[in-house]
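Chemist: The structure follows.
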Amino acid sequence: MRATRRIRAHAGSFLLLAVLTLTAAVAVTVVPRLTRAMTTDGLRQYVADQPAGARQLVLQQAGFRGFNAGPTDLPFDDPEAMRRRGPSRLPELRAAMPAQLERLVDGNWYHHGLPDASVTGADARFSLVAIDGVAQAADLVDGAWPAATAPPLGVTEDPSAPHFSRPAEIALSAAVAEALGLRVGSELLVSANGDVPVIVVGIFTPHDADDGIWQIWGNPLELTRIDDRPSLAGAVTSEAVIESLGRGSVREWRYRLAVERLDAAELDALINGIEQLRRQTAGELDLTQGVDLSLRQFAESHRAAGNLLAIIAAGVVAALAGLVGLAAAFAARRRQAEYALLRARGASRWNLLRRSLAETALVVAPTALLGAGIGLLLPGLPAGNPAPVAVLAVVLMLLPALFVLLAPATAGRGGLSRLAGSTARLAAETALLLVTGMATYLLLARGLDTGAGVDPLLAAVPVLLAAAAALLVLRLYPLPMRLAGAVAARRRGAVAFLGLARAGRAPVTAPLVVVVVAVATSIFCAALATGITEGRAHAARQQVPADILITGGRYAPDTADRLADLPGITGVAPLISLTDQRVYADGVHAELGTIDVLILDVDAYARVSGGVDDLPGVLREPHHEGRPVPALASASLAADLAGATAAEVALPVARQPIEVVGALAEFPLLDQAEGRFLVLPWAAAASGTRVPMVPTGFLLSGAVADPAALARAGDEGQQRFLDSQQIPDGGLTSPTQVTTRAQVDTRLAATGVNALVQFAFVAGAVGGALLALIAVAFAVLAGHRQRGELLSRLRTMGLSRGQARGLLTIEIAPLVVTAVLAGAVVGALLPRLLGPVLALRAVTGGVPVPVDPRPALLAGVAALAVAGLLLAWLVESVNNRRTRLGQALRLGEES
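All residue numbers for the sequence shown refer to my numbering, where the first residue is 6 and numbers rise by one.
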C-alpha cells in the first residue's frame, strides 16, 4: 500500500498531526517576529517620551585654558581657527563612532559657552553660549546676529581677566527679551573672570522650539524663574567671545539619535557601542549621561520581560510538545494490530521506521512550510532564521517513528498513553522530583544568570515544578477515589460504584501531566497579568492620586473655588509641592540636607483621593499654635530625625518646628528615587505665619469634558496671584498642566515593554487554556475503548443514556478537576516563588507587583474546569456515535 493511501486510510490521526504541526510552525515563525516588532515599538516610544537631552549623545570638554599665555597667543580674531577647534570636529567625532551608533545619528550640534554668569542690568543670571548653525535654526525679528569675532582686547593689570575695548555682542530670544524688558541696544555687564560689558544686538524666534539645537543648559528660549521671579536666562553670542571670557567655559558636541531607526534586536550592541565610545574619548572628552541612560533603563525592563516570556514560552512549548507526543502515541496505538501483522510477516523495526517516516514526511513537511509561510505573512519584523522551523519539522517526523519503534511485536490491550506502575516508571518519577528540587534550589540560591540573554534554568524550573506536581497528584489521586468507591459499594446503584472504581485505578498519566503544565502556564500568566495591571495602577496613583492633577506655578487662593464651580468637578484639594527645602535635627547647626516637602489640606485630600486610611488621624486633629507641626517622613529621614528634640524645616514662609508622627516608604506626588521627604498638614504648617500659604497645584475628583477649561481656570488663577503680588514683568511662571490618572495609566501601558508583556500574558493564558482542554480530550480518548466495552455490556443490562453520561462524569470529573486545580495551585504559587528572581519591578517602573490570588482568577479556574468537563462529555458522545458501542463490543475496535 502506498504511503498516500495509508494516509487517507488513517486521515484522522494524520489530520491531528497536521493541525498541531501547523500551529507549532506558525507559532515558531510569528512569535519572534511579533516580539521583535513590539519590543522595537516599545523602545522607540520609550526613548521618544524622554526629554530631548535623553535622546542625545553628548561629548563634553571642560576646563579650557584661560589667558595664562597672554592675549596675543589666542585666535580671537580668527573665526576659522575657532571653527577648527569646535564645529569642525562634529564629522570627525561622528566618523570615530562605532558603526551601530554612527548609522543612528540624524542631527548634530556644537555648543560652547559659560553655563552661569552674573549679570548687572537684568533680573537674571545669564548663560552665554555660542551655537553653531543658530542662524539657520531661527529668524531674526530685530537687529542682527552677533559678530563672529570678539571685540579687540584692551590692556589690563590682570592678564587672566579679559577687557574688551567695546561691548561684546549677544542675541536673545523674543520670549526672554520680553520677560526681562530688554531690546536691541540694551547694555549689560557680565561678571565672568572680570566685568565684561555686553550689548543686545539681535532678537530672534526659533523655527522649532523642540529642535535639538536648543536642548542645552541655559536654553536660550526659556527663562527660568524661582518664586515667580526671573532667575536664569540664555543668550547667544560668538565662539570668539566665549573663548575670550576663558575659564569655566564648556564645549559640547551633541548627536541626536533617530528614534525611528532604533531596533530592539540591536539594543545590547548599541549599549556596548556607547561604552566603546566612552573608552575611546576618555581623557579628552566626557560622554555625559544622555541616551545611554534611557537605553540601559529600557534594557533592564526588557531583560525582565524576556525572562517572563521565556517562562511562558517554555510552558506553552512543553504543553504543545506533550500534545504532539500524545497524538503520535494515539496514532501508533490505533495501528498496533497493523504493525504486529507486519512484524509477523517478517518486517523489521527499521522497515516500520522507514514506513512511518515516509508517511509523516508527506504530512509534516508541507504543513510546516505552510505554517512558516502564514507566519511570515502576519505582522512583525524579520527575526531569526528558518532553522527553528526545520528543526520542528524533523522532530515532528521522528516522534511518530519513535512510537512505532516502541510498539509491541504483538497486538495487546495496553495503551501507549498509560504507563505501567513499574520500577522504571517509579525511577523516572523519582529522578524528575530530584531534578526539580535541585533546579529550584539552584535558581533561588544563585538568582538569574545575568550574563545570558535568557536564563535557561529559569525557563525550565516552572515546567519541572508543574510536571513534578502532576506526578505527585496522580500518585495520590487513586487513594481518595478508592475510599469513595468503598462507600459507594455499600449503596444502591452501580453507576457511582463503577465510575469511582474506574477512577480509582491508575489514571492516564501523560494527558493529565500536559493538563497540569498547560493550566499552570495559563494561571501563571493570568496571575501576573492581574498583578502587573494593579502595579501599573498603583504607579499611576503615585503620580496622580486623584482623578485629575493640576500643576503650574503659584495660584491665587480663590482658584480652588473657581475649579470647583466647573461642571463635573466634585472635589478640590489644594497642595503645595516644594523641593530643596532644608531640614534641621536640633537647631541651625544640625542641618540634614535638603528634602522635598508636600503640604496638603488633609481632609480635602482624603475626599478627592479616597486615601483617608493612608494618613494618621493626628494629621487631621486641630493644631494648637506653638506646638510642633505633625509630619510624615520618609523612612530614611525619620531615622535621621529619631531622638531630635527641636527638629525644624525651613519653609518659604517661615521655619516651622516639626514632630515626626509616622514613617512612609512612599507617598503620592513625591519622587521615590530621592527617598527623603516630609508630608505636612496645611492648617498646621500655616499656623503662626504672617505670609499666607499659596497653592502650587490642585487635586480634583470627578470628570470634565473640556480639559482646556481646567487649564484656563488655572492660568487665570496664576495671573491673579501675580497681579496681587505686583511682580514686574510678571508673565506666567509656566502654563497650567492638566493630567488625569487615566492618561497616566494609558501611557504606562503603552510605553516600554508593557505592550509586549501584556500580549505575552494574553497569549500564554489563552494558549495554555486551549492546550489544557485538548489534553483533556486526549485523556477521554485514552480510556474510551475500555469504557465503550463496559457501556456496551451495561446497555444490554438496561443502562440508560443518562446513566451512561453519569458514569462518564463520575469517572472523568474528579480527574479533570484534580488536574486543573493542581495546575492552578502551581501557577498561582509560581509568581510568589519566583518573584524575587524575576525582578518584576523593572517592568512596572519600580512599583511592587502584587501576586496574591484574586477572585477573578478563582472564577477563571472554575470556568476552565467546567469547560473541561463539557468538552469531555462532547468528545465521549461524538466517539460513541462514531464507533457504535455494540460493534466495539463484538469486534474490539479502538477509537
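Positions of the beta carbon are idealized from the N, C-alpha and C atoms, including for glycine.
Predicted model, so just to flag it, every value in this text is computed and none were measured.
If you compare alpha carbons, which of L477, A176 and H117 is closest to A140?
Modeler: For the purposes of this step, residue 140 is identified with residue 135 of the sequence shown, where counting begins at 1. It is A176 whose Cα lies nearest to the Cα of A140.
Chemist: Among G573, A640 and A392, which residue has its Cα nearest to the Cα of P37?
Modeler: Mapped onto the sequence shown, residue 37 falls at position 32. Comparing Cα-Cα distances from P37 to each of G573, A640 and A392, the minimum goes to A392.
Chemist: Taking just the CA atoms, how far does M402 sit from F766?
Modeler: For the purposes of this step, residue 766 is taken as residue 761 along the sequence shown, with counting starting at 1. For the purposes of this step, residue 402 is taken as residue 397 along the sequence shown, with counting starting at 1. Rounded to whole angstroms, F766 to M402 spans 31 Å at the Cα level.
Chemist: My output table needs one value for P1: the three-state DSSP class, helix, strand or coil.
Modeler: Nothing in the structure corresponds to residue 1, since the chain is present only between 6 and 900.
Chemist: Can you have a look at D460 and say buried or exposed, based on whether 16 or more other CB atoms are within 10 angstroms of its CB?
Modeler: Working through the sequence shown from its first residue, we reach residue 460 at position 455. Counting Cβ neighbours within 10 Å, D460 comes out buried, since at least 16 surround it.
Chemist: Using a 10 Å radius around the Cβ and a threshold of 16 neighbouring Cβ atoms, would you call D552 buried or exposed?
Modeler: By 1-based counting over the sequence shown, the position of residue 552 is 547. The residue is buried, with at least 16 neighbouring Cβ atoms inside 10 Å.
Chemist: Identify which residue in A274, V195, I276 and D291 has its Cα closest to the Cα of I247.
Modeler: Sequence index remark: in the sequence shown, residue 247 carries index 242 (1-based). Ranking A274, V195, I276 and D291 by Cα distance to I247 puts V195 first.
Chemist: My output table needs one value for I221: the three-state DSSP class, helix, strand or coil.
Modeler: Within the sequence shown, the letter at position 216 stands for residue 221. I221 falls in the coil class under three-state DSSP.
Chemist: For N390, count neighbouring C-beta atoms within 10 Å of its own C-beta (all shown protein chains included) and say buried if the count is 16 or more, exposed if not.
Modeler: Along the sequence shown, read from residue 1 onward, the residue named residue 390 stands at position 385. By the neighbour-count rule (16 or more Cβ atoms within 10 Å), N390 is not buried but exposed.
Chemist: With a cut-off of 8 Å on the beta carbons, I'd call R546 and R746 a contact; round off their distance for me.
Modeler: Against the sequence shown, residue 546 aligns to sequence position 541. Against the sequence shown, residue 746 aligns to sequence position 741. 7 Å between Cβ atoms; contact.
Chemist: Nearest-angstrom Cα distance between L804 and L479?
Modeler: Numbered from its first residue, the sequence shown carries residue 804 at position 799. Numbered from its first residue, the sequence shown carries residue 479 at position 474. Their backbone Cα atoms lie some 30 Å apart in a straight line.
Chemist: Using CA atoms only, rank isn't needed, just tell me which of P103, P405 and A388 is closest to L25.
Modeler: As a first step, residue 25 must be located in the sequence shown, where it is residue number 20. That would be P405, whose Cα lies nearest to the Cα of L25.
Chemist: Excluding five sequence neighbours on each side, which residues of the same chain lie with their C-beta closer than 6 Å to the C-beta of D144?
Modeler: On the sequence shown, residue 144 is found 139 positions in, with the first residue counted as 1. Only T210 meet the Cβ criterion.
Chemist: According to DSSP, which residues form a beta bridge with F726?
Modeler: Taking the first residue of the sequence shown as 1, we reach residue 726 at position 721. F726 is not bridged to any residue.
Chemist: By Cβ distance below 6 Å, which residues in the same chain neighbour S18 in space, the five residues on each side in sequence not counted?
Modeler: Taking the sequence shown and counting its residues from 1, one reaches residue 18 at position 13. Excluding positions up to five away in sequence, the list reads A336.
Chemist: Taking only runs of the beta strand (DSSP E) that begin and end inside the region 615-680, which ones reach a length of at least 3 residues, in chain order?
Modeler: Segments of the beta strand (DSSP E) lying fully in the region 615-680: 634-639, 653-655 and 660-669.
Chemist: So, helix, strand or coil for H212, using DSSP?
Modeler: As a first step, residue 212 is located in the sequence shown; it is residue number 207 there, counting from the start. Looking at H212 - three-state DSSP - the assignment turns out to be coil, as it is neither helix nor strand.
Chemist: Shortest alpha-carbon distance to P712 belongs to which of L704, V519, T744 and P740?
Modeler: Taking the first residue of the sequence shown as 1, we reach residue 712 at position 707. Residue T744 is the option with its Cα nearest to P712.
Chemist: Assess, as a yes-or-no matter, whether the region 596-613 is touched by the region 671-687 under the definition of 3 or more beta carbon pairs within less than 8 Å.
Modeler: With the cut-off at 8 Å, the region 671-687 and the region 596-613 touch.
Chemist: Pull up the CB-CB distance for P225 and V203, whole angstroms please, since I reckon it's below 8 Å.
Modeler: Residue 225 sits at position 220 when you count from the first residue of the sequence shown. Residue 203 sits at position 198 when you count from the first residue of the sequence shown. So it is not a contact: roughly 14 Å between Cβ atoms.
Chemist: Provide the residue span of the alpha helix (DSSP H) that contains W355, from first to last.
Modeler: Position 350 of the sequence shown, counting from 1, holds the residue named residue 355. Unbroken alpha helix (DSSP H) run through W355: R354 to L382.
Chemist: Kindly indicate the opening and closing residues of the alpha helix (DSSP H) around A2.
Modeler: An answer regarding residue 2 cannot be provided, because it is not within the stretch 6 to 900 covered by the chain.
Chemist: How long is the line joining the alpha carbons of T575 and A644, rounded to whole angstroms?
Modeler: Numbered from 1 along the sequence shown, position 570 holds the residue referred to as residue 575. Numbered from 1 along the sequence shown, position 639 holds the residue referred to as residue 644. The alpha-carbon atoms of T575 and A644 are separated by roughly 39 Å.
Chemist: Give the secondary structure of E305 by DSSP, where H, G and I count as helix, E and B as strand, and everything else as coil.
Modeler: Indexing the sequence shown from 1 puts residue 305 at position 300. Helix, per DSSP.
Chemist: Mapping DSSP to helix, strand and coil, what is W258?
Modeler: Taking the sequence shown and counting its residues from 1, the one referred to as residue 258 is at position 253. Of the three classes helix, strand and coil, the one that applies to W258 here is strand, per DSSP.
Chemist: Are there 16 or more other CB atoms within 10 angstroms of the CB of P698, so buried, or fewer, so exposed?
Modeler: Your numbering for residue 698 matches position 693 in the sequence shown. Here the sequence assigns Met to residue 698, which means Pro is not the residue at that position. Buried, since its Cβ has 16 or more Cβ neighbours within 10 Å.
Chemist: What does a CB cutoff of less than 7 Å around R913 pick up in its chain, not counting 5 residues either side in sequence?
Modeler: The chain is shown only over 6 to 900; residue 913 falls outside these bounds and no answer can be derived.
Chemist: Which residues in the same chain as T849 place their Cβ atom closer than 7 Å to its Cβ, once the five residues preceding and following it in sequence are excluded?
Modeler: On the sequence shown, residue 849 is found 844 positions in, with the first residue counted as 1. Excluding residues within five positions, the ones whose Cβ falls inside 7 Å are I537, G540, R541 and A544.
Chemist: Could you have a look at D566 and say whether DSSP puts it in helix, strand or coil?
Modeler: Residue mapping note: residue 566 aligns to position 561 of the sequence shown, counting from 1. The answer is helix: DSSP assigns D566 an H, G or I state.
Chemist: Hey, could you find the ends of the beta strand (DSSP E) S18 is sitting in?
Modeler: What you label residue 18 is simply residue 13 of the sequence shown in a count that begins at 1. Segment A16 to A53 is the alpha helix (DSSP H) holding S18; no beta strand (DSSP E) there.
Chemist: In the DSSP output, which residue or residues are listed as bridge partners for I600?
Modeler: The sequence position of residue 600 within the sequence shown is 595, counting from 1. In DSSP, I600 forms a bridge with Q586.
Chemist: Which same chain residues end up closer than 6 Å to G376 when comparing Cβ atoms and leaving out the 5 residues on each side of it in sequence?
Modeler: For the purposes of this step, residue 376 is taken as the residue at position 371 of the sequence shown. Correct list, in chain order: L27, A30 and V31.
Chemist: Could you spell out the range, first to last residue, of the beta strand (DSSP E) harbouring T694?
Modeler: Here residue 694 refers to the residue found at position 689 when the sequence shown is read from its first residue. Element bounds for T694: n/a, residue is neither H nor E.
Chemist: Quick one: measure Cβ to Cβ for G773 and A474, integer angstroms, because I've assumed they're closer than 8 Å.
Modeler: Working through the sequence shown from its first residue, we reach residue 773 at position 768. Working through the sequence shown from its first residue, we reach residue 474 at position 469. Actually they are not in contact, since the Cβ atoms of G773 and A474 sit about 15 Å apart, beyond 8 Å.
Chemist: Can you tell me which of the three DSSP states S706 falls into?
Modeler: On the sequence shown, residue 706 is found 701 positions in, with the first residue counted as 1. Strand at S706.
Chemist: For a test of the three-state rule: what should DSSP assign to P885, helix, strand or coil?
Modeler: Reading the sequence shown from its first residue, position 880 is the one you call residue 885. Correcting the residue type first, residue 885 is Asn in the shown sequence and not Pro. In the structure shown, N885 sits in a helix (DSSP, three-state: H, G or I).
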